[in-house]
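Chains A and B are the protein sequences, given in the same order.
All letters in the first sequence, in the order written, are residues -17 to 209 by this note's numbering.
All letters in the second sequence, in the order written, are residues 140 to 834 by this note's numbering.
Backbone N, C-alpha and C define an ideal beta-carbon position, used for all residues, glycine too.
Every value quoted in this text rests on a predicted model; they were computed, and no experiment measured them.
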Amino acid sequence: MFNLLTFQRTLLTAVLFVCALPASASFFDFDSVPADAQANHAIGAAYPEYSFAYAAFLPRQDSFGIDIPGSERWVADPSITDPVLVANPLSYNVGGDYYGAAPSGRNALDANSGPILLQFSTPQVLESFSTQLAAGILGTILNSSAHLKFLDSTGGELLDYTFNQIALSTAASGLILNVGPVNGLVSSVLLPQGAFYDNIAVVPEPPVAALFGFGLFLIRLLRVRQS
Amino acid sequence: MFIAKPRSNCLQWLIAAALCSTSGAAFAESSISRLTPPSDPSLAPSVVISRFLPNQRFDLQATVQPAAGLTVSSVSFTVDGTPVAPAPGASSLVTTGLHSGLASGTAVASIRAYSNATPGIHTLSAIATLSDNSQVAKTGNFEVVGVTPQGRLAKNIIILLGDGMGAAHRTAARIVSQGYSQGKAKSRLAMDTFPFTGMVMTSSLNSMVTDSAPGMSNYVTGNKAQNNQEGVWPDDTADTFDNPRFEYLSEYLHRQQGKSLGVVTTADVFDATPAANAVHTSNRGNGTGIVDQYLDDRSLTGLTVLMGGGRKWFLPNSTNAVQPVAGVYNLVNGSQRTTGTDYVLPSDIIAGWGAASGAKDSNRDLIADFQSAGFAYASDKSSLDSVISTTPDKLLGLFAYSNMNVSMDKIGKRREVSTVVDDYGFPDQPMLDEMASAALKVLAKNPNGFVAMIEGASIDKQAHLMDTDRWILETIEFDHAVKVAQDFANTHPDTLVIVTADHECSGAAIIGASTVSATTLVANTTATPVGTGTKTSLMRDGNPNAATPPGSNPSNPVVGTYDSAKFPAYSNSDDGFPATTDINNKMLIGYGANADRYETWLSNAQPTQDSQQPFVKPGVNNPFPNLSSYPANPSVRNSTTGFFITGQVPGDQAVHTATDIPLSALGRGASLFTGVMDNTDVFFKLGQAAIGGAK
Chain A
-17 MFNLLTFQRT
-7 LLTAVLFVCA
3 LPASASFFDF
13 DSVPADAQAN
23 HAIGAAYPEY
33 SFAYAAFLPR
43 QDSFGIDIPG
53 SERWVADPSI
63 TDPVLVANPL
73 SYNVGGDYYG
83 AAPSGRNALD
93 ANSGPILLQF
103 STPQVLESFS
113 TQLAAGILGT
123 ILNSSAHLKF
133 LDSTGGELLD
143 YTFNQIALST
153 AASGLILNVG
163 PVNGLVSSVL
173 LPQGAFYDNI
183 AVVPEPPVAA
193 LFGFGLFLIR
203 LLRVRQS
Chain B
140 MFIAKPRSNC
150 LQWLIAAALC
160 STSGAAFAES
170 SISRLTPPSD
180 PSLAPSVVIS
190 RFLPNQRFDL
200 QATVQPAAGL
210 TVSSVSFTVD
220 GTPVAPAPGA
230 SSLVTTGLHS
240 GLASGTAVAS
250 IRAYSNATPG
260 IHTLSAIATL
270 SDNSQVAKTG
280 NFEVVGVTPQ
290 GRLAKNIIIL
300 LGDGMGAAHR
310 TAARIVSQGY
320 SQGKAKSRLA
330 MDTFPFTGMV
340 MTSSLNSMVT
350 DSAPGMSNYV
360 TGNKAQNNQE
370 GVWPDDTADT
380 FDNPRFEYLS
390 EYLHRQQGKS
400 LGVVTTADVF
410 DATPAANAVH
420 TSNRGNGTGI
430 VDQYLDDRSL
440 TGLTVLMGGG
450 RKWFLPNSTN
460 AVQPVAGVYN
470 LVNGSQRTTG
480 TDYVLPSDII
490 AGWGAASGAK
500 DSNRDLIADF
510 QSAGFAYASD
520 KSSLDSVIST
530 TPDKLLGLFA
540 YSNMNVSMDK
550 IGKRREVSTV
560 VDDYGFPDQP
570 MLDEMASAAL
580 KVLAKNPNGF
590 VAMIEGASID
600 KQAHLMDTDR
610 WILETIEFDH
620 AVKVAQDFAN
630 THPDTLVIVT
640 ADHECSGAAI
650 IGASTVSATT
660 LVANTTATPV
670 GTGTKTSLMR
680 DGNPNAATPP
690 GSNPSNPVVG
700 TYDSAKFPAY
710 SNSDDGFPAT
720 TDINNKMLIG
730 YGANADRYET
740 WLSNAQPTQD
750 SQQPFVKPGV
760 NNPFPNLSSY
770 PANPSVRNST
780 TGFFITGQVP
790 GDQAVHTATD
800 IPLSALGRGA
810 SLFTGVMDNT
820 DVFFKLGQAA
830 IGGAK
């Protein structure tokens, strides 16, 4: 015979146990590979659910393959076959000091030549997202700000985070951008072009809320049945 | 009784009128006669005269002409109602050294190196306060053109500019170098294979017919410059180096992205097209100051490669005089450096732009200074090959005293059939594609990328001279350089390549082909017309005796048009140039913007004199005396062998035209370059590709 009290106690125990679990963060420092290696090799087997690709702001196409004006969204650029690379930012200081050193180690993600998508194989709700920047010239030329975007599976924007130009363009290495939480299921994160990104931390929201909410639902259901 | 009052009233009015007419100036109001950047607010929003990329630097300037008896106390500028605060030392109020004809007390106020990051149309106002505390204002506008982040950037930009190269020049080069069969080109020029094509409107700030200074400057600044001026707007001061500036693509991308600059030309490097990528001046003829600024301001432009002719500006001139003086060459190193064409900048430009101050130094050894700054130096093709084998970090190449010899004469030397280059003193000059290859090798060392301008300069110069065979071969040489850039882009996919021209030159047209053999054309040059025949009837109409009725001796025109033109068939040598342009049934060119000339339809063994060469004038101690024996200009060239064609323009040379010219694009962002565009639009497309990326 079903015992409601036993069920409630078991459920509460389970919820408390899950709450006690730490959120499962993913962390990329790009130093496990040589400079100029592929970024996807740097995160490799440890984080198979993530990948980097160059981004493009492209329109959808109709059944005839014709661009639909106004339907542009950020996607992995299908015309680019080159892999995204990691690099030592100091190697770009030819004829002048344009970039500072990577905030940690030697390498950072090289977004110097174009925007990059960090793609998730499984969409996630993010508790936080953070990255450290090498000192450099990001943001001084693209209007007055640069935009970190969190995108859903259709390329729709869940969150558009605007950088502060002054903070980026004159920052010493190590400026940390910390964003979150992001409401909605994130499929990719757009990293603006012109910078080097290091120590990327992706922290999904643990299933606490979902589990807790489900548990409350069950309790309510059982009480309704009992009554 | 005589009543005098009416007459005295009339007299009073007459006196008053006389006073007014003689003292008219005393009652003229103060005004701001010039506000820079130039604008025409009535055209907004569809057309804005002055436009800029976000944070592109430019100067603000106003000329205030006060009413009589007043002086200008101060001038302020506002943008969108907000006062503009200049950087320390980057502003000025100048009342001396102005052009004549301005009101007494005129002042030119400047704020240097202003920039605005906000896209949109902005209102610019200048407010002048006069010594009587009155104020006068003027309002204009400018636009900041936003850049859309939309993809991977064009890291490298290669601009190939065929000076004066219109559609006819390209077509003629294709016919000669590629050939036709049954209506189809057997193959294409390299520039023909670029996937995107547009048309460019080429007018300058002050005329529908541009010259090469704004012709280049407009492409790489996004703003219209006036004829003879490069990278500046006109102003009211006499100094030709203090004009209000606007930032070049090279300066902007070097400052924003750390890109390098390469300038390669077959002209003298002081010439308008190369200079209008790096130097700001209202007088394109100021050679000494122009070449000095290449080096002195390399920190602004990122200059890494400079190649072409123009050694005469780099050599010390202890006499400070252009030789010969009174028929004597007192200096025989070829230098034409003078303090009269040198530069010194005012303090506000130095402070605002970070530009070098400059110095009037005709005796400067500029080659040595380049070498001290880390540039490897090449003086001819052999030394270029040697220098490039180790891929230096920076490269200076100076292959002639002034403009390099044209490809016909360089190839003639290599084929050992011509000594023209020996007469000029430079027997071992590289071809443009060899220079381009070396330049790209050096520039590619910069991981931030580069901007390269590669110019086929003498398409224009020979078209001015209506030397048909020479400009056709120049166009072919230019296309060889286009191929080098194309190959580079194919192996460096983040490269954008555009092929264009600053303007069309001479109104060249492919009118048909000779119906007679080359031997007959030669014979015609010495044949004597009979009866009432003329050289024209002989060499154009094919009728040695014009009195002969057509029925008894039908004319067989030398100039074959329509069906008679057929397809001239040239053959190429292994060096990539036609074995000869004097073939049977050769292609014939006419000129719609021509000056007087004598035409033989044959190639000219000698080029026409180049007035820029330092030893072209006869004189004692001239080390290259043969140059003065070359034909002086087209109106005397072939005067005893050709038939006379009346020009439509005065003077000795054909002129530029206002015709739109084709632009071809390849590589990353190339799809932006379609449709009919203004030459200033090209700058913003380049900016979009380099900063925002392209789809």
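- Around residue 334 of chain B, no beta-carbon contact reaches into chain A at under 9 Å, the shortest distance being about 13 Å.
- Closer than 8 Å to the CB of residue 566 of chain B there is not a single CB belonging to chain A.
- According to DSSP, residue pairing for residue 10 of chain A in a beta bridge involves A:182.
- For residue 101 of chain A and residue 518 of chain B, the gap between their C-alpha atoms comes out near 53 Å.
- Under the three-state reduction of DSSP, residue 175 of chain A is assigned to coil, being neither helix nor strand.
- Given a length threshold of 4 residues, the stretch 164 to 190 of chain B has no whole run of the alpha helix (DSSP H) inside it.
- In the three-state reduction of the DSSP assignment, residue 636 of chain B falls in the strand class, which pools E and B.
- The DSSP-derived three-state label of residue 627 of chain B is helix.
- Taken through DSSP and simplified to helix, strand or coil, residue 157 of chain A comes out as strand.
- Runs of the alpha helix (DSSP H) spanning 4 or more residues and lying entirely within the stretch 403 to 446 of chain B occur at 411 to 414, 426 to 435 and 437 to 440, in chain order.
- Per DSSP, the beta-bridge partners of residue 55 of chain A are A:40.
- Per DSSP, the continuous beta strand (DSSP E) segment holding residue 726 of chain B begins and ends at 726 to 730.
- For the 8 Å CB-CB criterion, residue 86 of chain A and residue 11 of chain A form a contact.
- Taking the CA atoms as reference points, residue 616 of chain B sits about 15 Å from residue 305 of chain B.
- Under the three-state reduction of DSSP, residue 701 of chain B is assigned to helix.
- For residue 144 of chain A, the uninterrupted beta strand (DSSP E) run begins and ends at 139 to 144, by DSSP.
- Residue 236 of chain B and residue 267 of chain B have their C-alpha atoms spaced approximately 20 Å apart.
- Apart from sequence neighbours up to five positions away, the residues of its chain that approach residue 345 of chain B with a beta-carbon distance below 7 Å are 365 and 366, ordered along the chain.
- Between the stretch 613 to 630 of chain B and the stretch 533 to 546 of chain B there are three or more inter-stretch CB-CB distances shorter than 8 Å, so the stretches are counted as touching.
- Interface with chain A (8 Å Cβ-Cβ cutoff): residue 629 of chain B is excluded.
- With fewer than 16 neighbouring CB atoms inside 10 Å of its own CB, residue 43 of chain A falls in the exposed class.
- Taken in chain order, the complete alpha helix (DSSP H) segments of 4 residues or longer contained in the stretch 294 to 382 of chain B are 306 to 316 and 351 to 360.
- According to the DSSP secondary-structure assignment, residue 482 of chain B is paired through a beta bridge with B:498.
- Interface residue (Cβ-Cβ distance to chain B less than 8 Å): residue 38 of chain A is classified as such.
- Here residue 750 of chain B is exposed. Its C-beta has fewer than 16 other C-beta atoms within 10 Å.
- Rounded to whole angstroms, the separation of the alpha carbons of residue 193 of chain B and residue 180 of chain B is 20 Å.
- Residue state for residue 559 of chain B is assigned as helix, using DSSP reduced to three classes.
- Per the coordinates, the alpha-carbon of residue 320 of chain B lies some 37 Å from the alpha-carbon of residue 349 of chain B.
- The beta carbon of residue 786 of chain B sits closer than 6 Å to the beta carbons of 733, 734 and 735 from its chain, once the five residues preceding and following it are set aside; these are given in chain order.
- Residue burial annotation: residue 419 of chain B is buried, with at least 16 other C-beta atoms found within 10 angstroms of its C-beta.
- Within chain A, the C-beta atoms nearer than 8 Å to that of residue 633 of chain B come from 95, in chain order.
- Chain-order list of chain A residues neighbouring residue 586 of chain B: 73, 74 and 76, by C-beta distance under 7 Å.
- In the structure shown, residue 459 of chain B falls within a coil segment according to DSSP collapsed to helix, strand and coil.
- Rounded to whole angstroms, the Cβ separation of residue 782 of chain B and residue 674 of chain B is 4 Å, and the two are in contact under 8 Å.
- Close CB contacts of residue 75 of chain A within its chain, under the 7 Å cut and outside five residues either way in sequence, are with 81 (chain order).
- Residue-level contact check: residue 51 of chain A does not touch chain B, since none of the beta carbons of chain B fall below 8 Å from its beta carbon.
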